Structures are given as C-alpha cells and as structure tokens.
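One structure is given below, encoded as structure tokens.
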Amino acid sequence: MRSIRRGDTGPAVSEIRSILTVLELLSDPEPDLFDEHLENAVRAFQQSRGLGVDGMVGDETWRALDGARWRLGSRTLFHSVPDALTGEDVRALQERLLEMGYDTGRPDSVYGARTAHAVAQFQREVGLTPDGSCGPQTMKALRRLGRKVVGGRPQWLREAEAFRQSGPNLVGKTIVIDPGHGGGEDAGVVVPDGPLRWTEADLVFDLAARLEGRLAAAGMRVHLTRGPSPAEPMSGTERAALANTLGADLLISLHLDGQDTPAAEGVATYHYGTGSGSSSTVGERLANLVQREIVVRTGMHDCRTHAKTWDLLRLTRMPTVRVDLGYLTSPVDRERLINPMFREQIVEAILAAVQRMYFPVERDVPTGSIDVRQLRMALADRA
Ligand SMILES: [Zn+2]
C-alpha cells in the first residue's frame, strides 16, 4: 500500500485524525485533510512507538495506529484462530504478565497461543477458570495483584539463558542474513550517479552474499531471506516468519540509509526494545558488538545503537539486529560502499561481532585489533 501523506484527503485521513485525537496527539479535529498538524501528530506518534519517523502513514504505522485504539480492559481478549487479536492492549497485558514472571514470549502485541497459555496459568494461580481469555474478572485480578508482583525482566533473562546454554561455538548454529528490500519496485534507497544507478537492494545483497560465504566457512548454517532479484517484495513480517520457521539462532538484517541532505552519514544498529525498559538484552548486546566492530574497523561515523519495535525486530524469536551500513545519499559513505574492498571490511567486522557473541574475548583482545583468523584460532584453542 502507498503511504498516506501530507496533502492526501479522504476517509482514511479522517480515521487517522480521529485516532490521534483520542490519543491526545492532535487537538483540532478538522476535516479529512492530511495537513501539517496531522503530519506533526503522526511524527510524534511514530516517535513514541519506536517506529521510523517520516510523518507518513505506511503499513507499519497504520497497524500501530489501529492497535493504539485499544486500551487494556476496553475489550475482552482471547486467542482467536486464525486471525489473532492484536493491539496495544495485548502488549500491555503481555508486559504486565512478563513483569509477574509469566512466559508470554516477546511482547509482540499479538494474542497468540503462548499468551493465552500464560493467561491460563495466571488464572489457575488466582483461582479463576483457566480459559486463557482476558475478560473483566481476569482484568480485576491483574489490577489487584499486578502492582505488587514484579519479577524483573524474565523474558529477557530467559532469552539470555537460552543463548548461554547454546554454547560458545559457531559450528552448527543457524544464522539468517536478511538483505533489505529487493523484489518488484522495492529497491530501497536509489541514487543516480552519472550513467550509473546505485541501489540499496543490490549493495546489501552483495554484502549478504559475501557474509554468507564467510559465516559458512566458520561452520555456521547460513540462510539468506531473499535472492538477488526476487519477483515480489517481502515484508518484515514475512522475513521474521521465515527466520522463525528455520529456528534460527541469530538474524542480521542489512540496510543502507538515505536522507535529503548529503551531510547525513554513518552507521547505526537497531535491536528490539520499546525504549521504556522492555528490551532484548541479547539483541542489544549483538547490536553493540556489530556497531563497535564496524566503527572501529572502518572509521565510519558512529550513529550508535537504538531500540526499535519494527516488525522484523518484534516478531522474530531469536536475537535480531538491523544494521544501516551508511547513507547512500552521502558522497562520503557512497564512495566507500561502492568499493568492494570496503564491503569486505564491513563483512569482516560483522563476522568478528558474531564470533564475539559466542565467544566473549573482550578481555583478551581489544575491539577491531585482531583479524578473524586469530579469533578462530583462539576459539580452536579453547574448544
Ligand atoms: Zn532499507
């Protein structure tokens, strides 16, 4: 679907207006015009939800807006098949249950089987009929107990423990590399350069293919989410579902960034998190490692790591990061990115980060100072 943006009119615009008015992000409900006020309100909403801030309503923002209508307790929640209930009320419930130590999985705003199971467990423990649905009775019990029982961040501790138990070895681990965009019209950021035309989709595919070779040589099972020129574009949800089906141990998504101004440059890495405490600790660690290795090895400008709730980060069941490897719109970054030698350097950095994930050598060897062969030898020594 095309994004709804400034200048648009129609029923979809008035729908967006009314949701944002209820959320008190917009004060003057006007007719169905997407004006500057509405654009600002959309930006504020996107920022508050950890979405990309572009002031336009595309698929992802639309889904978040749609989910935002629901406040916890305003409707009965239950496990509906095949179309699961989604919304912010579901996420609020999941976070509440997680705080209390129930395993709902990652708070993904989707009322799936695991959430229903956690609700049933809670109901059993407070003496309610364990039907796995959350109606007024269950809400009352949650309100009564919720504030008193806080167990920290059990989901993330569990994730970290599962990761630790998988052992300090790359051999046999499954990693999914996700080159962004590709397929149909979706080339990502495109920059014409004389007779040449650089696209994000092609460059990140090249990086993914190089990385695939290196990771496979290190003994990992490697899957790419797409080929060099798929027929259809793929959503973040589809990419996440693929990685879940493969039972992947890690997922690394590769993108480039773009901006109107050529001055914007640098590398940034993203992991799952709402920005308000609920964050994948293993994902955060991988993001920090990837970011650090790239910055130290390539000297690219450090745009840091950030918590986001993008579909791909939210719906995957394994530690997932997305790295934006420079701005194709920056002459500085572009010059480097189109050089295959530089892309090798990036691949080397990501490989080192993955190695460090499974084999913490921080104490032994400073970031960026060793090459991967040494790291592999160190690994072999310890094994
Ligand atoms: Zn992209």
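Per the working numbering, residue 215 is the first one in the sequence shown, and the count goes up by one each step. In this text, a Cβ means the ideal position worked out from N, Cα and C, and glycines have one as well. What you are looking at is a predicted structure, and each value in this text was computed from that prediction instead of being measured.
Just to confirm my understanding: we take residue i, look at its own chain, exclude 5 residues before and 5 after, and list those with CB closer than 6 Å. What are they?
{"i": "V364", "result": "With a pLDDT of only 45 at V364, under 50, the local geometry of the prediction cannot be trusted, and no value is derived from it."}
{"i": "R219", "result": "M270"}
{"i": "A159", "result": "This structure cannot settle anything about residue 159, because the visible part of the chain is limited to 215 through 597."}
{"i": "V385", "result": "G433"}
{"i": "Y572", "result": "P382 and L384"}
{"i": "Q403", "result": "First, the residue type needs correcting, since residue 403 is Val and not Gln in the sequence shown. Contacts found: E414, L470, G472 and L542."}
{"i": "A567", "result": "L503, V504 and E507"}
{"i": "F377", "result": "V496"}
With DSSP as the reference, please indicate the residues paired to residue i in a beta bridge.
{"i": "H520", "result": "Y484"}
{"i": "I466", "result": "I391 and V535"}
{"i": "V324", "result": "T300"}
{"i": "N547", "result": "The displayed chain sequence assigns Asp, not Asn, to residue 547. Paired residues: none, contrary to the question."}
{"i": "Y541", "result": "D471"}
{"i": "L417", "result": "Beta-bridge pairing links L417 to no other residue."}
{"i": "L247", "result": "T223"}
{"i": "L291", "result": "C348"}
Where does the unbroken alpha helix (DSSP H) through residue i begin, and where does it stop?
{"i": "D303", "result": "E302 to E313"}
{"i": "S232", "result": "P225 to V236"}
{"i": "T459", "result": "G450 to T459"}
{"i": "G272", "result": "Taken as a continuous stretch (DSSP letters only), G272 belongs to no alpha helix (DSSP H), as it is neither H nor E."}
{"i": "S262", "result": "E250 to S262"}
{"i": "A477", "result": "No alpha helix (DSSP H) holds A477; DSSP gives it neither H nor E."}
{"i": "N502", "result": "T495 to T512"}
{"i": "R557", "result": "P554 to Y572"}
{"i": "R528", "result": "D525 to L529"}
Among the options, whose alpha-carbon lies nearest the alpha-carbon of residue i?
{"i": "D392", "options": "E399, G341 and E414", "result": "E414"}
{"i": "V436", "options": "S443, E446, L307 and R424", "result": "R424"}
{"i": "D322", "options": "G487, V496 and R289", "result": "G487"}
{"i": "R305", "options": "S294, A327, G281 and G315", "result": "G281"}
{"i": "D303", "options": "Y316, Q505, V324 and R320", "result": "V324"}
{"i": "V405", "options": "C517, G221, R548 and E373", "result": "R548"}
{"i": "D268", "options": "E339, S217, T318 and A226", "result": "S217"}
{"i": "L234", "options": "S262, D273 and G221", "result": "S262"}
{"i": "T530", "options": "E229, Q559 and S449", "result": "S449"}
{"i": "G394", "options": "F248, G441, A567 and E238", "result": "G441"}
{"i": "E498", "options": "A374, A430 and R310", "result": "A374"}
{"i": "Q260", "options": "D249, A278 and F248", "result": "A278"}
{"i": "H515", "options": "I564, A478 and L526", "result": "A478"}
{"i": "P476", "options": "Q505, T543 and C517", "result": "T543"}
{"i": "E250", "options": "G221, L299, W276 and E558", "result": "G221"}
{"i": "D407", "options": "S232, L240, I552 and L239", "result": "I552"}
{"i": "L527", "options": "S294, V496 and M555", "result": "V496"}
{"i": "V418", "options": "A332, V340, E558 and G319", "result": "E558"}
{"i": "F556", "options": "L456, G540 and D474", "result": "G540"}
{"i": "N458", "options": "G266, A255, R320 and D246", "result": "R320"}
{"i": "A255", "options": "L265, H331, L240 and P350", "result": "L240"}
{"i": "E446", "options": "I466, L465 and D400", "result": "D400"}
{"i": "Q473", "options": "R511, R506, P545 and A455", "result": "P545"}
{"i": "L252", "options": "E229, W412 and G264", "result": "E229"}
{"i": "T223", "options": "E238, D273, L247 and R231", "result": "L247"}
{"i": "P554", "options": "S232, G326, D416 and A454", "result": "D416"}
{"i": "P294", "options": "E507, G346, A258 and R338", "result": "Per the sequence presented here, residue 294 reads as Ser, with Pro not at that position. Closest by alpha carbon: G346."}
{"i": "A258", "options": "E238, R283 and V227", "result": "E238"}
{"i": "A226", "options": "L265, G264, G266 and G272", "result": "G272"}
{"i": "T275", "options": "A430, G301 and T329", "result": "G301"}
In its own chain, which residues sit with a C-beta less than 8 Å from the C-beta of residue i, not counting the 5 before and 5 after it?
{"i": "R577", "result": "Bear in mind that a pLDDT of 45 at R577, under 50, signals an unreliable position, so the model cannot answer this."}
{"i": "K362", "result": "With a pLDDT of 47 at K362, under the threshold of 50, the predicted position of this residue should be treated as unreliable, though the coordinate-derived value follows. Nothing listed; no residue qualifies."}
{"i": "Q608", "result": "In this structure the chain extends from 215 to 597, so residue 608 is not present and cannot be described."}
{"i": "Q351", "result": "L342"}
For the beta strand (DSSP E) holding residue i, just list the boundary residues, first then last.
{"i": "T413", "result": "L410 to T413"}
{"i": "R435", "result": "R435 to L438"}
{"i": "P406", "result": "V404 to D407"}
Kindly list the residues whose CB is nearer than 7 Å to the CB of residue i, restricted to its own chain and excluding five residues on each side of it in sequence; keep chain order.
{"i": "G366", "result": "With a pLDDT of 43 at G366, under the threshold of 50, the modelled position of that residue is not reliable, and no figure is offered here."}
{"i": "D538", "result": "H469, L470, D471, V481 and A482"}
{"i": "A501", "result": "T483, Y484, H485, T519 and V535"}
{"i": "P444", "result": "G396 and G397"}
{"i": "T451", "result": "D525 and L529"}
{"i": "L356", "result": "R310"}
{"i": "L307", "result": "L286, L291 and C348"}
{"i": "R428", "result": "V561 and L565"}
{"i": "A422", "result": "I391, P393, L438 and L468"}
{"i": "V509", "result": "V481 and D516"}
For chain D, is any of its Cβ atoms less than 8 Å away from the one on residue i?
{"i": "R263", "result": "In summary, chain D is missing from the structure at hand, where a single protein chain is found."}
Closer than 5 Å from C-beta to any heavy atom of ligand 1: which residues, in chain order? G394, G402 and H469
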